[in-house]
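Enquirer: Chains as they are written, first to last, in the working numbering: chain A, 1 to 299; chain B, 1001 to 1328; chain C, 2001 to 2432. Even glycine gets a Cβ: it sits at the ideal position worked out from N, Cα and C. Small disclaimer: the values here were computed from a predicted structure and weren't measured.
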Amino acid sequence: MTTLSSDTDPKLLVARNRTTNRGATYKKMSPFSYVVLVAVGFLSFFPFYWMFVVASSSPDVISQSPPSVVVGHNFMNEVAAVYGQVPFTRNFLNTLLVCLSVACAQVFFSSLAGFALAKLNFLGKKWLLLAIVGTLMLPSQLGLVPLFKILVNNFNWGDSLKALIVPAMVSAFGVFWMRQAIDAQVPKELLEAASIDGASIPRIYRTMIVPAILPTAFVLGLFSFLASWNDYLMPLFILQNPDNFTLQVALNQLNTKAYGMDYNIVMAGSFMATFPLLILFVFVGRRLVTGVMDGAVKG
Amino acid sequence: MTPDSAPSPKGRRGARVSGSPRNGKPAKSWNSNKARETAWGYLFTSPFFIIFFIFGVIPIIYSVYISLTSLENPLDANEVFVGLKNFKNLWHDPEFWRATRNTFSIWFFSTVPQMVMALGLASILRNPRLRFRLVWQTILLVPNITSGLAIAVVFGQLFGRDYGLINYCLQFLGIGHIDWLENTLASHVAIATMITWRWVGYNSLIFLASMNAIDNALYESASLDGANRWQQLRHVTIPGLRNTIVFMVIMGTIGGLQVFAEPLTFGGGQTTGGSSGQFNTVTLYLYRYAKDLFNYGYASAIGIGITFMVLVITAINFLITRRIASED
Amino acid sequence: MAHRNFVAKFTFLLAALALLVGGLVAAPAKAASQVTINIWTFGNVIEPKMKARYEKMHPNVKIVAVNKGGPDQLAQALIVAFQAHKTPDIAAIETSWSGLFRDYPQYFVDLRQAPYKADKLKKDYVAWRWAQGTGKGGEVIGLPTDVGGLEVAYRVDLFKKAGLPTNREAVGRLWPTWDKFIEVGKTYNKKLKRCVDKKKDKSCFIDSSGTIFNAILNQGTEKFYKGVGQVDYQNRQVRNAFNETGKALVAGLGSRIAPYSGDWYAGMNKGSFATLLAPAWQLDYIKQYAPKTKGLWDVAKVPGGGGNIGGSQLSIPKAAPNKAEAWKFMSWYLAPAQQLTVFKEYGLFPSAKSLYGTSAVQNYKDPFFRNAPIGKIYASGALKLKPIYEGPKERAIMAIFGQALGRIEAKKQNTSQAWNQAVADIKTALNR
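(1) For Ile265/A, name the three-state secondary structure that DSSP assigns.
(2) Report yes or no: is there a C-beta of chain A within less than 8 Å of the C-beta of Tyr2378/C?
(3) If contact is defined by three or more beta carbon pairs under 8 Å, each pair taking one atom from either stretch, is the region 122-139 of chain A in contact with the region 202-210 of chain A?
(4) Hey, how far is the Cα of Pro1207/B from the Cα of Met267/A?
(5) According to DSSP, simplified to helix, strand and coil, what is Asp2146/C?
(6) Whole angstroms is fine: what's the gap from Ile2212/C's alpha carbon to Leu2277/C's?
(7) Take Lys2353/C as the anchor and find which of Asp2146/C, Thr2166/C, Ala2075/C has the nearest alpha-carbon.
(8) Step through the CB atoms of chain B and report whether any lies within less than 8 Å of the CB of Val145/A.
(9) Hey, how far is the Cα of Trp2419/C from the Cα of Leu1293/B?
(10) Between which two residues does the alpha helix (DSSP H) carrying Leu2277/C extend?
(11) Relative to chain A, which residues along the region 2344-2372 of chain C have a C-beta separation below 7 Å, given in chain order?
(12) In the region 1204-1290 of chain B, which residue ranges form an unbroken alpha helix (DSSP H) of at least 4 residues, counting only runs that do not cross its ends?
(13) For Gln2230/C, write down the residues that DSSP places opposite it in a beta bridge.
(14) Rounded to whole angstroms, what is the Cα-Cα separation between Thr1002/B and Asp1225/B?
(15) Leaving out five residues on either side along the sequence, give the residues of the same chain with a beta carbon under 8 Å from the beta carbon of Ser1275/B.
(16) Count the other CB atoms, across all protein chains shown, that sit within 10 Å of the CB of Gly1083/B; report buried if there are 16 or more and exposed otherwise.
(17) Taking Thr1272/B as the query, report the chain C residues whose CB atoms sit under 7 Å from its CB, ordered along the chain.
(18) May I ask you to list, following chain order, the residues of the region 149-171 of chain A that have a beta carbon less than 7 Å from some beta carbon of chain C?
(19) Quickly, what does DSSP pair Leu112/A with across the bridge? List them, please.
(20) Is it the case that the Cβ atoms of Trp2332/C and Gln2338/C are separated by a distance below 8 Å?
(21) For Ala250/A, which option in Thr95/A, Leu142/A, Phe173/A, Ala80/A has the closest C-alpha, if you only look at C-alpha atoms?
(22) Alpha carbon to alpha carbon, what distance is there between Thr2245/C and Asp2412/C?
(23) Closer than 8 Å, Cβ to any Cβ of chain A: which residues of the region 2049-2073 of chain C, in chain order?
(24) Quick one: Cα of Ala2084/C to Cα of Gln240/A, how far?
(25) Run the CB neighbour count on Tyr263/A, radius 10 Å, all protein chains shown included, and call it buried at 16 or more, exposed below.
(26) For Gln2076/C, go through chain B and note every residue whose CB falls closer than 9 Å to its CB, in chain order.
(27) Taking C-beta pairs closer than 9 Å, name the residues in chain F that Arg2236/C reaches, listed in chain order.
(28) Let me check understanding here. Comparing Cα to Cα, which of Tyr1298/B, Phe1048/B, Arg1131/B, Gln1231/B lies closest to Lys28/A?
(29) To the nearest angstrom, how far is the alpha carbon of Leu2383/C from that of Gly2306/C?
(30) Whole angstroms is fine: what's the gap from Gly158/A's alpha carbon to Val152/A's?
(31) According to the Cβ coordinates, are Ile1320/B and Glu1262/B closer than 8 Å?
(32) Would DSSP call Ala1122/B helix, strand or coil?
(33) Mind checking Asn1023/B: buried by the 16 CB within 10 Å criterion, or exposed?
(34) Spell out whether any CB of chain B is found under 8 Å from the CB atom of Asp2207/C.
(35) What are the residues that DSSP puts in a beta bridge with Ile2037/C?
(36) Need the endpoints of the alpha helix (DSSP H) that Tyr259/A sits in, please.
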């Protein structure tokens, strides 16, 4: 077992737990790894690319066999058609508002609850954790209609974005994940040291827990954001006025065929709705790698 | 002093989650003030419970109540209390058990390869000498953001029996074409493929985030001790990921047993799960009884049946995984 | 500290966004007596140009037509909306859902009452389409929009290859009954020899023989219900339809391609099927997805005379906030004059039978289909159908029969086995 000389310095210990760039330990990347990444990347990206092909071509692109993989010229026309059908920018901003709120709330509340369940001792803690994991096992379709009635009739949030944000502000998934992360990444010794120094629990949360779980928090935030972005059923039931729509519901509006689908415009809308997320990923991805280092240096 | 959840390269039996005692006695708290700890403990977990109670629990209680009634169409609102009749019917329902078998089969095909792939991808991604890291990380998430409509179109084309791309390629390989829709096993593989495609990147990033948190010094000392890549994986990475693996297994089980959108899409929007129910899943069955057959009482009973199944399987999975991971 | 910056940044971002969206969402000042009519629709039931025309004629009325994504999503959303007592002013209900909603007239405005007096309009529309908007107690809960109709679209070039006549009158004479239709199909498959599984570019007689079931059912007088609350899915007409379809399935008439699937669109282009039981609006699909087959298709009369797939009713839910204005729009939109405009501009076949004799309908020809007199053919078909009572579990029963036919098609069961299992399945599903 290695004895760490910086054992007793809590800050450095936390920092050490997160460094990843000790190049000496890592061998050079094998070409096989790159082959795997390219293959997986291709498979992951191809449907998205094909979505753009359909969005930019004429309707009969869908009936080609083997399928056409050449991008067409029609994309800007379809974009115009999308804007003609729905207030797209507004829907985009609605979705952004909902997703950011949900992501921030979920990360915040999950980290609090996760901290409590991982490191604090209180009566009934074990049962609480089991209850939280238990709630994950309930199929969400079960309570959909009663939930809708509560939101619309009791809270009067019909056609309001609040109905999408508030119930989603907490997540058993997030709490569970944060609990696992905090449990694994924050050593007891650190907390003991801080407690001996007289730090209050909120202070410990702020100064020790949060820096340690930043990468996890980012990923959780990203996933909460995504889950909210992809949410379809609740917004479909709740939102009535097209001005209040989120993107998934707005995409519905694009289909002007009663049976089957108006592929070109729907794919164009889908593309327009998901492309900004790629930019988000790049932003968050950078943070995932470098944010870790910032935290370590500033301590 | 060693952080109690970071195992040594040579492995350490019984590395345990902090707070859970080995000998039955409550763990010694790191905090000196127990009352404060308790107060903050409740306070920090209260937002979750308040919001979840209102928007999660109450609907569930209502559904449980409904499962004990004969409520059919919710527009009727004249339910009669029938006790456990729905559950008795469920127990003897061959279609429910077929859906259960299908669900497990699909779960197996979609979870096992996926976890292995996700782990492998994360190992590749964690190497700091990887070039174009941002590109790979972004691309891996693309399947998760591709809209459901687009997935329906793309995979509908891919798995077409006569003109789908996959069968087209298989013909070149001499395998001839497969009836993805009608053949039971093929339909499970097709649906599992859709699920894996959508989630493998997502899961690999979860692994990556957790891997990045493993103390690098452990890898250093392992390689100093002469461990090669595989041994490092087995003795440093996997134990260090123990919590994450437990988490993933539980989430994978829960999610897998509730798979519903993919069979619905695969069947062209039909809720029957195939002409002989060959790719019917339990959650799709619930959906069918709620939305197409208008029998809310029975649908709620199915939902509760699913919950019990998930509970049992998750518990089993958890115990198995914990045992395996701690033996390392 | 990184964390504090992080939280601060996000809070700021959120606040900025909230202001931005809040500013955008702030409702514009309304004109004094402006009314907004909310319509839930799907597909192209509410044509945008017609909507704009009405708004121009009535400057104080704004129509917001929300597309719910499809007929099924709309119906599900409506059921939820009924329970929450928050509904739109007008809802479009597709014909396959009419059976359900006719059983719940209490959730709709009975348009027979004053000031609507819809009874007076009954004579304008085809009887069986009007019946689909009639509640179980005789209430008028919906007015019909268009007629789907059903005739046979066939490939002239493929018929020629199989030695069959190509002129549409002659083709129509080939199959006055479904038995004859099946015979023609067998001849086609035998002659062309390409309807074999595993062969590329195969060509079978029809896309899916299963489509015959619905066609035959709609030509009768009874489906799955004898009357209100009286389920009867084993009656002679259903049995006959099932057995006839079974004959076609067993004879391997179809290329086993489900409509609206990936293979179906590709199949149109590749000539995978020589015939298609097509409602009027589906002809548009052929034009869009197989434009290169222009001039290769024609339209002939369907065996048995007439048929229907699709169409919808416009209805006013009881909880609608603006009933009077909704009715004004609805009755205008569905009046024969406007239905004629919609037909001329968009090709949706009218349900107002007074239009069937007009030159606009009778002389309507489509160059894509070798100048077939589409209007004439579909009009005569539409007049042949009779009202059929549909009940709440209509769709569910249909889906189970669909499964049974699928099993015959996949050679998993023979006709009588499939029938027996279907009957057993329906019994279980309905009696839980």
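Expert: Taking the coordinates as given:
(1) Position 265 of the first sequence holds residue 265/A. It is helical.
(2) Translated into the one-based positions of the third sequence, residue 2378/C becomes position 378. Not one chain A Cβ lies under 8 Å of Tyr2378/C.
(3) no
(4) In the second sequence, the residue the question calls residue 1207/B occupies position 207. In the first sequence, the residue the question calls residue 267/A occupies position 267. Just to set this straight, residue 1207/B is Phe in the shown sequence, not Pro. If you take the alpha carbons of Phe1207/B and Met267/A, they lie about 32 Å apart.
(5) Counted from its first residue, the third sequence places residue 2146/C at position 146. Reduced to three states, the DSSP call for Asp2146/C is strand.
(6) Indexing the third sequence from 1 puts residue 2212/C at position 212. Indexing the third sequence from 1 puts residue 2277/C at position 277. For Ile2212/C and Leu2277/C, the distance between alpha carbons rounds to 8 Å.
(7) Within the third sequence, residue 2353/C is the residue found at index 353, counting from 1. The option with the nearest alpha carbon to Lys2353/C is Asp2146/C.
(8) The residue given as residue 145/A occupies position 145 in the first sequence. Taking 8 Å as the threshold, the shortest C-beta distance from Val145/A to chain B falls below it.
(9) Your numbering for residue 2419/C matches position 419 in the third sequence. Your numbering for residue 1293/B matches position 293 in the second sequence. Cα to Cα, the separation comes out at about 20 Å.
(10) By 1-based counting over the third sequence, the position of residue 2277/C is 277. Counting along the chain, no alpha helix (DSSP H) covers Leu2277/C; the unbroken beta strand (DSSP E) around it starts and ends at 2273-2278.
(11) So nothing in the stretch comes that close.
(12) For the region 1204-1290 of chain B, whole alpha helix (DSSP H) runs of length 4 or above, ordered along the chain, are 1216-1224, 1229-1232, 1242-1257, 1261-1266.
(13) Here residue 2230/C is taken as the residue at index 230 of the third sequence, counted from 1. Within the DSSP bridge table, the entry for Gln2230/C names Gly2227/C as partners.
(14) Position 2 of the second sequence holds residue 1002/B. Position 225 of the second sequence holds residue 1225/B. The predicted model places Thr1002/B with a pLDDT of 31, which falls under 50 and marks its position as unreliable; any figure quoted below should be read in that light. So the two alpha carbons sit approximately 18 Å from each other.
(15) Walking along the second sequence from the start, residue 1275/B turns up at place 275. For Ser1275/B, where only same-chain residues beyond five positions count, the Cβ hits under 8 Å are Glu1182.
(16) For this step, residue 1083/B is matched to residue 83 along the second sequence. Classification for Gly1083/B: exposed.
(17) Taking the second sequence and counting its residues from 1, the one referred to as residue 1272/B is at position 272. Near Thr1272/B (Cβ distances below 7 Å), the residues of chain C are Ala2399, Gln2403.
(18) Lys149, Val152, Asn153, Gly158
(19) By one-based count along the first sequence, residue 112/A stands at place 112. Per DSSP, none; premise fails for Leu112/A.
(20) Reading the third sequence from its first residue, position 332 is the one you call residue 2332/C. Reading the third sequence from its first residue, position 338 is the one you call residue 2338/C. Between Trp2332/C and Gln2338/C, the C-beta spacing is below 8 Å.
(21) Numbered from 1 along the first sequence, position 250 holds the residue referred to as residue 250/A. Of the listed residues, the one whose Cα sits closest to Ala250/A is Thr95/A.
(22) Within the third sequence, numbered from 1, the residue matching residue 2412/C stands at position 412. Within the third sequence, numbered from 1, the residue matching residue 2245/C stands at position 245. Position check: residue 2412/C holds Lys in this sequence, whereas Asp was assumed. Taking the straight line joining both Cα atoms gives about 16 Å.
(23) Listed by position, the residues of the region 2049-2073 of chain C near chain A (Cβ gap below 8 Å) are Val2064, Val2066, Asn2067, Lys2068, Gly2069, Gly2070, Pro2071, Gln2073.
(24) Here the question's residue 2084/C lines up with position 84 in the third sequence. Here the question's residue 240/A lines up with position 240 in the first sequence. Rounded to the nearest whole angstrom, the C-alpha separation of Ala2084/C and Gln240/A is 13 Å.
(25) Residue mapping note: residue 263/A aligns to position 263 of the first sequence, counting from 1. Counting Cβ neighbours within 10 Å, Tyr263/A comes out buried, since at least 16 surround it.
(26) What you label residue 2076/C is simply residue 76 of the third sequence in a count that begins at 1. Result: Lys1291.
(27) Structure shown: chain F not included; protein chains present are A, B and C.
(28) The count along the first sequence starts at 1 and reaches residue 28/A at position 28. Across the set Tyr1298/B, Phe1048/B, Arg1131/B, Gln1231/B, the C-alpha of Arg1131/B shows the shortest separation from the C-alpha of Lys28/A.
(29) Taking the first residue of the third sequence as position 1, residue 2383/C is located at position 383. Taking the first residue of the third sequence as position 1, residue 2306/C is located at position 306. Cα to Cα, the separation comes out at about 8 Å.
(30) Indexing the first sequence from 1 puts residue 158/A at position 158. Indexing the first sequence from 1 puts residue 152/A at position 152. Gly158/A and Val152/A: Cα-Cα distance of roughly 5 Å.
(31) On the second sequence, residue 1320/B is found 320 positions in, with the first residue counted as 1. On the second sequence, residue 1262/B is found 262 positions in, with the first residue counted as 1. No; because the gap between Cβ atoms is not below 8 Å, this pair is not in contact.
(32) By one-based count along the second sequence, residue 1122/B stands at place 122. If DSSP states are grouped into helix, strand and coil, Ala1122/B belongs with the helices.
(33) In the second sequence, counting from the first residue as 1, residue 1023/B sits at position 23. For Asn1023/B, the pLDDT reaches just 47, beneath the cut-off of 50, and the residue's location in the model is therefore unreliable, although a value from the coordinates is still provided. Answer is exposed; the Cβ neighbour count stays below 16.
(34) For the purposes of this step, residue 2207/C is taken as the residue at position 207 of the third sequence. Closer than 8 Å: no.
(35) Here the question's residue 2037/C lines up with position 37 in the third sequence. Its beta-bridge partners are Ile2063/C.
(36) Here residue 259/A is taken as the residue at index 259 of the first sequence, counted from 1. Counting along the chain, Tyr259/A sits inside no alpha helix (DSSP H), nor does DSSP assign it H or E at all.
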